[in-house]
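In my numbering, the protein residues as written are -17 to 524.
We put the CB at the ideal spot given by N, CA and C, even for glycine.
If you're wondering where the values come from, they're calculated on a predicted model, not measured in any experiment.
Step one of this worksheet: look at the structure below.
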RNA sequence: GGCGGCAUGGCCAAGUGGUAAGGCAGGAGCCUGCAAAGCUCUUACCCCCAGUUCGAAUCUGGGUGCCGCCUCCA
């Protein structure tokens, strides 16, 4: 069995072969840090984190690098609004990024280069492009001459001439800028509409508005500094880098001239990744990345979630606010992860209340399987959970465990088909939940303890590959909860005895009253065929 | 207008030539004084039309609908 992945470059699934056996160099386009991350970002980074985890599980040593864009017009705009600086705004949202990602159990990259730390590499790259006659300076700006790179358009599958026709249709109304040109945005501060603001410092990419460009599709590698903006000295004068060049430079500095996998949102294919290829490959003469992978968008009511449409929900908003659809509960971060992984990564997913509640409940099911050892390990005599050889059983995996791993792998090998992989996890989790319920209700298991042990261990292992884990805090509180139950035990036993007496005298009204009383405290009673009554805490378990 | 993608049950979503995984949500029954759990059963004309084939959700052609990119965007 071999791993196959869909390469945006060829628009086909291809077998995965690394540049160096056993090693994967992987670069992920990160965020521009001017605001909190929304669900679109969450999806992207959950997906690529999962890909990275899977590659490692498959035995590859993965070097994973993800950048922060911390030089950008939007950051500057935010800094002006907050009477702050670009650096301060960046720091704030980088910190927020890490907080959000940690909650989603996204593992840290090996490196997080920032544009502001990559100026040397950026300038070197621009210089080399200039030497090769592909970049040209114009009044303090430097542009990339798109027509000098024969391969331009190979990733996005478009031709410059085709685009020109389309672009002209969009840019035909430059007059719309004029009426508002002397109305700063503060003239309508109460407006929450995310209308494109015509007073932003940078004009839209209107070819006619940038006469410095030789060709309308040329793009900026370096931008001359405007007054009161941060700048860096350069051979072309004071200024700052364009957006695309930073990734070319950071890939080269952090991973080398050629990498295995370059990933990012599908909305980055053009122009960002196309330009990145043009920049890097024109200099090195080598293909930049062997595989280009792009995740699908998160939609809201059929439309892409995006800043400009204003239809976004931030990660922290979704996780922190009690939700009506969840009857006032908060959305579990792992349920968000599940929501993302329940779709194949290239397909769009719709963010709806139904999807949220479905994911939340699904996570409860999976969690019941994951906490099986914690809940029932004692009952099954699993005393070695903490010890090093606790996984010894997996040396000789059972048929069920082997098949689960095999099915999981063959799904994931097929272009990271996580929905298929999840089906395997759910089958294991549901069986464990069933077995646990039987123990609760009958007092003993109807399954062989070591078989269950293997199924549980397999579930935990495979879930971890997808980053679906019961994290520390939750695990601790679950244990705490079971400890509490012990404390109240005598009181409960007394009530059960009273109820048993009532039942024996057929006083069912009293018997039901006591049942309801305990139920209100979260205690569920289980009458046994032999007339005795068992109980357990927690009525929520489905 | 150009390029790309998607259409499977109430919702989500696998399946890429041999008569439909899984999740969520439902229905019926057995069991129970009532419960809880368990068990059994149960819900698909795979967007439409034509073609290839012994056989297609799966391949080919045409159509319809939706989405993304072409402008900052995960």
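Which two residues bound the contiguous alpha helix (DSSP H) that contains residue i?
i	result
residue 201	Residue 201 -> not in any alpha helix (DSSP H); beta strand (DSSP E) instead, spanning 201 to 206.
residue 75	68 to 85
residue 386	381 to 395
residue 223	Element bounds for residue 223: not the alpha helix (DSSP H) but the beta strand (DSSP E), 221 to 223.
residue 543	Residue coverage of the chain in this structure runs from -17 to 524, which leaves residue 543 outside it and unanswerable.
residue 129	Here residue 129 belongs to no alpha helix (DSSP H), and DSSP marks it neither H nor E.
residue 140	Unbroken run through residue 140: none, as it is neither H nor E.
residue 500	490 to 502
residue 62	55 to 63
Could you pull the start and end residues of the beta strand (DSSP E) that residue i belongs to?
i	result
residue 519	515 to 519
residue 365	Counting along the chain, residue 365 falls outside any beta strand (DSSP E), and DSSP gives it neither H nor E.
residue 509	505 to 509
residue 399	Neither: residue 399 is in no beta strand (DSSP E) and is coded neither H nor E.
May I ask you to report which of helix, strand or coil DSSP gives residue i?
i	result
residue 345	helix
residue -14	strand
residue 116	coil
residue 440	helix
residue 27	helix
residue 289	coil
residue 270	coil
residue 105	helix
residue 298	helix
residue 229	helix
residue 261	helix
residue 378	coil
residue 123	strand
residue 281	strand
residue 482	helix
residue 356	helix
residue 332	strand
residue 210	coil
residue 0	coil
residue 512	coil
residue 193	coil
residue 426	coil
Determine which residues share a DSSP beta bridge with residue i and list them.
i	result
residue 36	Its beta-bridge partners do not exist; DSSP assigns none.
residue 275	245
residue -5	-12
residue 50	96
residue 452	Looking at the DSSP assignment, residue 452 forms no beta bridge with any residue, so it has no partner.
residue 7	45
residue 20	296
residue 14	51
Drop a sphere of 10 angstroms on the beta-carbon of residue i, count the other beta-carbons inside from all chains shown, and report buried for 16 or more, exposed for fewer.
i	result
residue 57	buried
residue 268	exposed
residue -10	buried
residue 158	Legend: pLDDT at residue 158 = 35, less than 50; position of this residue unreliable, value from coordinates given subsequently. Classification of residue 158: exposed, given that the 10 Å Cβ count is below 16.
residue 498	exposed
residue 226	buried
residue 565	The chain is shown only over -17 to 524; residue 565 falls outside these bounds and no answer can be derived.
residue 172	Low confidence applies here, because residue 172 scores a pLDDT of 33, under 50, leaving its location unreliable; read the following figure in that light. So residue 172 counts as exposed.
residue 321	buried
residue 260	buried
residue 2	exposed
residue 481	buried
residue 511	exposed
residue 413	buried
residue 442	buried
residue 195	buried
residue 129	exposed
For the ligand PLP, is there a heavy atom less than 7 Å away from the beta-carbon of residue i?
i	result
residue 260	Inclusion of the ligand PLP in the displayed structure is not the case, the ligand content being empty and no account of it being possible.
| the segment -9 to 4 in contact with the segment 210 to 219 per 3-pair CB rule at 8 Å | no
| message | Measuring CB atoms only, is the segment 279 to 289 touching the segment 13 to 27, in the sense that at least three cross pairs come out at less than 8 Å? | response | These segments touch.
| query | Can we say the segment 238 to 252 touches the segment 102 to 115, given the rule of at least three CB pairs closer than 8 Å? | reply | no
| query | Taking contact to mean at least 3 C-beta pairs separated by less than 8 Å, is the segment 322 to 337 in contact with the segment 396 to 405? | reply | yes
| Touching or not, the segment 48 to 63 and the segment 3 to 19, by the rule of three or more beta carbon pairs under 8 Å? | yes
| Segment contact flag, the segment 335 to 345 with the segment 467 to 486, C-beta cutoff 8 Å, min 3 pairs | No, because fewer than three Cβ pairs between the segment 335 to 345 and the segment 467 to 486 fall closer than 8 Å, the two stretches do not touch.
| Between the segment 207 to 214 and the segment 70 to 90, are three or more C-beta pairs nearer than 8 Å? | no
| message | Three Cβ pairs or more, each shorter than 8 Å: is that satisfied between the segment 350 to 360 and the segment 387 to 396? | response | no
| request: Take every Cβ of the segment 414 to 427, pair it with every Cβ of the segment 294 to 301, and state whether three or more of those distances are shorter than 8 Å. | output: no
| Taking contact to mean at least 3 C-beta pairs separated by less than 8 Å, is the segment 60 to 73 in contact with the segment 39 to 47? | No contact exists between the segment 60 to 73 and the segment 39 to 47.
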